[in-house]
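First comes the structure, then the notes that go with it.
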Amino acid sequence: MTGPDYRSRRIAVRATFVLLLIMSGLFGAMCGLTVVYSVDLPQMADLAKYRPNTTTELLDVNGKVIGSFALERRVVVPYSALPQVLQDAIISIEDKSFESNWGVNLIRAVGAAYRDLHTKGKGQGASTLTMQLARNLFLSSQKTYGRKLQEVLLSVQIERRFTKPQIFTFYANQIYLGHGTYGFEAGSEFYFSKHVKDLTLPEAALLAALPKGPEAYSPIKYPDRAMKRRNLVLSEMLADGKITAAQAAAAQATTLGLKIEPPPNSVAPYFVEEVRRQLEKEYGVDEVHGAGLRVYTTLDLNLQMVANKAVLDGTAAYERRHGWKGNLQNVVLAGLDPEIYRHPDWFQPVVKGSYLHGMVTQVTANRVVVKVGTVLAVMGPEDWKWTGNKDADEFLKNGDLVYVRIEEAPAIAEGVAKASLQQDSGVQASMMAIDNANGEVLAMVGGRDFALSQFNRATQSQRQVGSSFKPYVYTAAVEAGTKPTDIIVDAPVSFWTPNGYYTPHNYEPDWKGAMSITLAFAESRNIPALKLADHVGIRKVIEVAHRFGITSNMPAFLPIAIGAADITLAEQVGAYAVFPNDGIRIEPHYIKRVTQADGTPLDVKPTEVKEVISVDTARTMMTLLRAVTSFGTAAAVAPLKHPFGGKTGTTNDFTDAWFVGFSPSVTCGTWIGFDDRTSLGSKETGAKAALPMWMDFMKEAIKGKPDEIFPTGDMPKKQLEVAVTPAGAAPAVAAKAAAKEKEEDPDIGDVDDTGGPPKPAAKPAIPVAPVTPIKPPVDLPQDGPAEATPSVKPVKPIVVPTKPEAPPVAIEPVKPPGGAN
Numbered sequence: 089m090t091g092p093d094y095r096s097r098r099i100a101v102r103a104t105f106v107l108l109l110i111m112s113g114l115f116g117a118m119c120g121l122t123v124v125y126s127v128d129l130p131q132m133a134d135l136a137k138y139r140p141n142t143t144t145e146l147l148d149v150n151g152k153v154i155g156s157f158a159l160e161r162r163v164v165v166p167y168s169a170l171p172q173v174l175q176d177a178i179i180s181i182e183d184k185s186f187e188s189n190w191g192v193n194l195i196r197a198v199g200a201a202y203r204d205l206h207t208k209g210k211g212q213g214a215s216t217l218t219m220q221l222a223r224n225l226f227l228s229s230q231k232t233y234g235r236k237l238q239e240v241l242l243s244v245q246i247e248r249r250f251t252k253p254q255i256f257t258f259y260a261n262q263i264y265l266g267h268g269t270y271g272f273e274a275g276s277e278f279y280f281s282k283h284v285k286d287l288t289l290p291e292a293a294l295l296a297a298l299p300k301g302p303e304a305y306s307p308i309k310y311p312d313r314a315m316k317r318r319n320l321v322l323s324e325m326l327a328d329g330k331i332t333a334a335q336a337a338a339a340q341a342t343t344l345g346l347k348i349e350p351p352p353n354s355v356a357p358y359f360v361e362e363v364r365r366q367l368e369k370e371y372g373v374d375e376v377h378g379a380g381l382r383v384y385t386t387l388d389l390n391l392q393m394v395a396n397k398a399v400l401d402g403t404a405a406y407e408r409r410h411g412w413k414g415n416l417q418n419v420v421l422a423g424l425d426p427e428i429y430r431h432p433d434w435f436q437p438v439v440k441g442s443y444l445h446g447m448v449t450q451v452t453a454n455r456v457v458v459k460v461g462t463v464l465a466v467m468g469p470e471d472w473k474w475t476g477n478k479d480a481d482e483f484l485k486n487g488d489l490v491y492v493r494i495e496e497a498p499a500i501a502e503g504v505a506k507a508s509l510q511q512d513s514g515v516q517a518s519m520m521a522i523d524n525a526n527g528e529v530l531a532m533v534g535g536r537d538f539a540l541s542q543f544n545r546a547t548q549s550q551r552q553v554g555s556s557f558k559p560y561v562y563t564a565a566v567e568a569g570t571k572p573t574d575i576i577v578d579a580p581v582s583f584w585t586p587n588g589y590y591t592p593h594n595y596e597p598d599w600k601g602a603m604s605i606t607l608a609f610a611e612s613r614n615i616p617a618l619k620l621a622d623h624v625g626i627r628k629v630i631e632v633a634h635r636f637g638i639t640s641n642m643p644a645f646l647p648i649a650i651g652a653a654d655i656t657l658a659e660q661v662g663a664y665a666v667f668p669n670d671g672i673r674i675e676p677h678y679i680k681r682v683t684q685a686d687g688t689p690l691d692v693k694p695t696e697v698k699e700v701i702s703v704d705t706a707r708t709m710m711t712l713l714r715a716v717t718s719f720g721t722a723a724a725v726a727p728l729k730h731p732f733g734g735k736t737g738t739t740n741d742f743t744d745a746w747f748v749g750f751s752p753s754v755t756c757g758t759w760i761g762f763d764d765r766t767s768l769g770s771k772e773t774g775a776k777a778a779l780p781m782w783m784d785f786m787k788e789a790i791k792g793k794p795d796e797i798f799p800t801g802d803m804p805k806k807q808l809e810v811a812v813t814p815a816g817a818a819p820a821v822a823a824k825a826a827a828k829e830k831e832e833d834p835d836i837g838d839v840d841d842t843g844g845p846p847k848p849a850a851k852p853a854i855p856v857a858p859v860t861p862i863k864p865p866v867d868l869p870q871d872g873p874a875e876a877t878p879s880v881k882p883v884k885p886i887v888v889p890t891k892p893e894a895p896p897v898a899i900e901p902v903k904p905p906g907g908a909n
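Below, the structure written as structure tokens:
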């Protein structure tokens with residue numbers, strides 16, 4: 089064949105060959121790319137075994153959730169728990185062809201790839217549910233064609249291996265919904281405080297709207313955006329025939345209806361934090377925060393709420409006694425925008441009786457409006473009358489941060505509340521209570537506001553304990569043969585020490601003369617306690633304290649006998665429980681048992697139980713401790729008409745006030761003071777500042793126990809719920825404390841205030857100025873309250889004789905710092 093036809097055929101053949109060559113090259117390249125990008129893809133067997141990070145829950149003694157830990161806050165539910173209305177909403181907005189596609193919609197996949205590479209957003213809605221699942225489970229959010237190809241390959245494999253219900257269940261439990269929540273069950277609980285199976289149509293539509301942009305469409309941050317996106321979901325459901333026009337119109341007319349679940353850790357945050365530390369030490373961070381453990385704690389949620397109220401009411405009463413101080417921080421003056429300002433404690437629920445910080449938004453002479461989170465609270469003249477100011481605009485202005493108590497909660501989530509003005513001058517308080525029968529911690533409060541300060545003043549703060557140390561002195565004396573009826577003389581005296589003569593004083597400017605041991609203890613007289621300590625030896629007293637579980641380093645100086653030692657509230661509470669327990673010390677603990685997500689129990693550290701004093705010594709001491717609450721410094725307890733015992737404590741300059749006491753079933757301790765050791769003020773003794781909080785708590789703790797009694801005389805030894813630890817089975821607290829003590833030279837008497845647990849952090853409100861550094865003690869004890877203890881730093885003598893020739897004749901004049909308890 090010749091001519092143009094032949095020439096055209098040759099061109100056609102060559103063109104076909106070139107085209108086939110190009111297609112072969114492209115096919116080979118695609119195969120190569122497929123091999124390259126599929127090499128590192130996870131096997132589907134991994135997905136079959138996949139267990140997402142789940143939330144570890146903490147339960148109280150009645151099975152109520154009190155806290156949780158999670159790297160990803162997720163609650164895994166089966167397909168049957170996902171309601172049809174939610175499934176319809178998700179499929180309508182995210183993947184209309186989910187039931188029929190094979191994991192990839194080629195047209196949508198190309199579009200998604202283009203948008204991912206040429207926009208700042210993810211374009212998540214353009215992918216199928218299966219592709220979203222593949223990306224969330226196995227791939228990064230990096231925008232490349234290679235990642236998109238891997239996504240397609242994974243989606244095909246997932247569709248081949250799993251059924252549509254399985255894929256949907258994976259997706260519903262994995263997808264991120266904002267604010268730390270993963271999966272629709274956790275999202276439902278967070279946004280609506282209900283299970284996913286109970287969602288209504290508008291609620292389901294709102295949750296289905298979130299996967300496209302959990303932060304951009306957050307109903308908390310951007311409610312208008314969230315509303316538009318939710319209504320779009322409803323429109324798509326209507327277009328797909330999933331709902332009727334009437335249902336769509338009714339749902340679109342509703343509000344977002346949020347009912348944000350308060351953080352479960354907010355009721356007992358200090359307790360939860362202690363549990364977290366122990367769990368991480370025992371099982372590791374990953375296990376605690378991702379394995380979905382169930383932790384059965386010792387906390388009684390009802391008593392915890394009583395303790396919270398007691399501490400907040402007690403500190404509020406103290407604030408009012410000392411008048412309005414002002415010194416308010418102001419958001420506007422700090423250069424912050426009032427419209428976007430959020431105080432750290434605004435995540436807490438606004439309920440009746442809660443104490444919260446708020447920002448003043450409106451002020452007139454007779455009316456103040458305060459913003460507390462999403463709630464507005466109103467105050468009238470009666471709500472600030474205690475401050476001594478008549479008109480509000482004379483001492484408050486817009487932008488001021490004030491502390492308020494909610495008197496009437498709003499009827500709706502964003503309504504108007506009634507509040508009263510309070511004060512937060514920086515005073516702090518703590519409380520801890522344990523079950524005597526088993527050492528279980530029932531309640532713990534480490535400060536006024538965990539959102540502002542996570543420093544736990546119950547377990548981390550070592551403070552001078554005042555006369556609440558005296559039970560260890562009298563215990564040592566009882567073991568040496570002293571009886572409650574013995575007579576001791578309360579009179580001027582000086583004691584010889586290696587650093588010279590030490591001349592102590594009582595709080596009251598008088599001396600009681602001869603008095604019984606019981607009366608001296610009940611009235612918390614300093615001189616008798618020092619005489620007893622001098623008689624048995626201060627080292628013996630310290631040894632007794634260590635037996636009781638006190639681990640603080642205590643120099644062997646006589647003033648230790650009246651409380652010149654820094655001890656935590658937790659150690660004091662654990663030690664005091666020895667007395668009603670007939671001499672048995674049970675180590676306070678927080679955890680009863682721990683199980684894995686499938687119910688398999690994990691090992692829990694055993695509780696140490698030791699007999700530290702004899703039954704006779706314990707019951708003799710009970711005579712003294714009960715006298716305190718009957719006619720001594722804590723006689724205010726007597727009208728409760730219930731068996732109690734305990735001891736008050738106040739330190740020099742009224743910097744710390746304590747009360748630690750017990751009923752037959754519960755031991756509870758309270759402390760109040762300033763972090764920087766500023767004085768609480770004249771006459772703010774343990775009986776006045778700390779005891780009322782203890783009484784408020786114990787009134788509830790003893791309910792339902794009208795017939796409980798302390799064992800006395802020849803009654804059988806008290807039966808506890810735990811067995812005594814065999815000798816040598818666990819390290820004794822006293823041994824650990826003695827090892828610490830050995831490191832110090834007892835003849836060098838400076839109390840070290842630079843070591844110990846971490847100091848409390850400053851409150852971060854705007855922020856708040858740092859706490860003033862704690863100053864070390866500066867002198868020998870002078871007069872203090874009857875249960876007062878001064879700071880101790882012995883004065884170094886110029887000459888130290890080897891033996892005193894005679895007691896000093898002159899006695900220093902008495903200079904009491906304040907009145908009696």
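Its first residue numbered 89, the sequence shown is counted upward by one per residue in our numbering.
Beta carbons: idealized from backbone N, C-alpha and C, even for Gly.
- prompt: Based on the DSSP output, what are the partners of valine 153 in its beta bridges?
  reply: Leu147
message: Judging by CA-CA distance, which residue of Tyr429, Glu675, Ser640 and Ala706 is the nearest neighbour of valine 812?
response: Glu675
message: Threshold first: 4 residues or longer. Then list the alpha helix (DSSP H) segments lying entirely within the stretch 685–748, N to C.
response: 703–719
field: Distance, glycine 588 Cα to threonine 736 Cα
entry: 30 Å
field: Buried/exposed call for phenylalanine 742, threshold 16 Cβ in 10 Å
entry: buried
Neighbour-count burial assignment, proline 597, 16 or more Cβ in a 10 Å radius: So proline 597 ends up on the exposed side.
message: What would DSSP say about isoleucine 99, mapped onto helix, strand or coil?
response: helix
message: Distance check for arginine 408 and phenylalanine 505, CA to CA, integer angstroms please.
response: In the sequence on display, residue 505 carries alanine and not phenylalanine. Roughly 22 Å between the two C-alpha positions.
- request: Quick one: residues in its chain with C-beta nearer than 7 Å to the C-beta of aspartate 840, no 5 flanking neighbours on either side, listed in chain order?
  value: Because the pLDDT at aspartate 840 is just 33, under 50, the model does not fix this residue reliably, and the value given afterwards should be weighed accordingly. Excluding sequence neighbours, aspartate 840 sits near nothing in its chain.
query: What do you get for proline 855, buried or exposed, if any count of 16 or more other CB atoms within 10 angstroms of its CB means buried?
result: Unreliable placement is indicated for proline 855, whose pLDDT of 33 sits below 50; the coordinate value is still reported in the next sentence. Exposed is the call here.
message: Does the structure place the stretch 719–731 close enough to the stretch 580–595 that three or more beta carbon pairs sit under 8 Å?
response: Inter-segment contact for the stretch 580–595 and the stretch 719–731 is absent: fewer than three beta-carbon pairs are separated by less than 8 Å.
Serine 96, buried or exposed, once every other Cβ within 10 Å from all chains shown has been counted against 16: Classification for serine 96: exposed.
query: Within 10 angstroms of its Cβ, does valine 629 collect 16 or more other Cβ (buried), or is it exposed?
result: buried
Contact check, threonine 708 vs threonine 738, beta carbons under 8 Å: no
query: Alpha carbon to alpha carbon, what distance is there between valine 533 and proline 643?
result: 30 Å
query: Leaving out the 5 sequence neighbours to the left and right, which residues in its chain are closer than 7 Å to tyrosine 167 when beta-carbon positions are compared?
result: Pro253, Phe256 and Thr257
- prompt: Apart from the five residues on each side of it in sequence, which residues of its chain come closer than 7 Å, Cβ to Cβ, to tryptophan 782?
  reply: Phe747, Gly749, Cys756 and Thr758
message: What does the alpha-carbon distance come out to for the pair leucine 484 and glycine 380?
response: 48 Å
field: Beta-carbon spacing of threonine 449, alanine 480 below 8 Å
entry: no
message: What does the Cβ neighbour count give for proline 731, buried or exposed, with the cut at 16 atoms within 10 Å?
response: buried
query: Buried or exposed: valine 561, going by 16 or more other Cβ atoms within 10 Å of its Cβ?
result: buried
- request: For the beta strand (DSSP E) containing valine 466, list its first residue and its last residue.
  value: 463–467
task: Give the secondary structure of alanine 531 by DSSP, where H, G and I count as helix, E and B as strand, and everything else as coil.
output: strand
query: Taking the alpha-carbon positions, what's the glutamine 340 to alanine 327 distance?
result: 14 Å
- prompt: Nearest-angstrom Cα distance between arginine 430 and threonine 251?
  reply: 46 Å
- request: Look at the alpha carbon of leucine 713 and the alpha carbon of tryptophan 412, and state the distance between them as a whole number of angstroms.
  value: 37 Å
- request: Could you spell out where the beta strand (DSSP E) holding histidine 445 opens and where it closes?
  value: 443–451
task: Sort Ala706, Ile178 and Pro357 by Cα distance to glycine 271 and report the nearest one.
output: Ile178
- prompt: How about glutamate 291 and serine 180: are their beta carbons less than 8 Å apart?
  reply: no
message: Tell me whether alanine 778, by its Cβ, gets closer than 7 Å to a heavy atom of the ligand SAH.
response: The model on display carries no ligand, and the ligand SAH is accordingly not part of it.
message: In whole angstroms, give me the CA-to-CA distance for proline 432 and aspartate 425.
response: Put simply, the backbone Cα of proline 432 is about 15 Å away from that of aspartate 425.
- prompt: When burial is assigned at 16 or more other CB atoms within 10 Å of the CB, is arginine 248 buried or exposed?
  reply: Result: exposed.
query: Nearest to serine 513 by CA position, among Lys793, Leu768, Lys600 and Lys787, is which residue?
result: Leu768
- prompt: What residue does the beta strand (DSSP E) around alanine 608 start on, and which one ends it?
  reply: Not the beta strand (DSSP E): alanine 608 falls in the alpha helix (DSSP H), residues 605–610.
- prompt: Leaving out the 5 sequence neighbours to the left and right, which residues in its chain are closer than 8 Å to leucine 779 when beta-carbon positions are compared?
  reply: Ala722, Ala724, Val725, Thr736, Phe747 and Thr758, listed in sequence order.
message: Suppose contacts are defined by Cβ-Cβ distances below 8 Å. Is lysine 571 in contact with aspartate 670 by that definition?
response: Contact: no.
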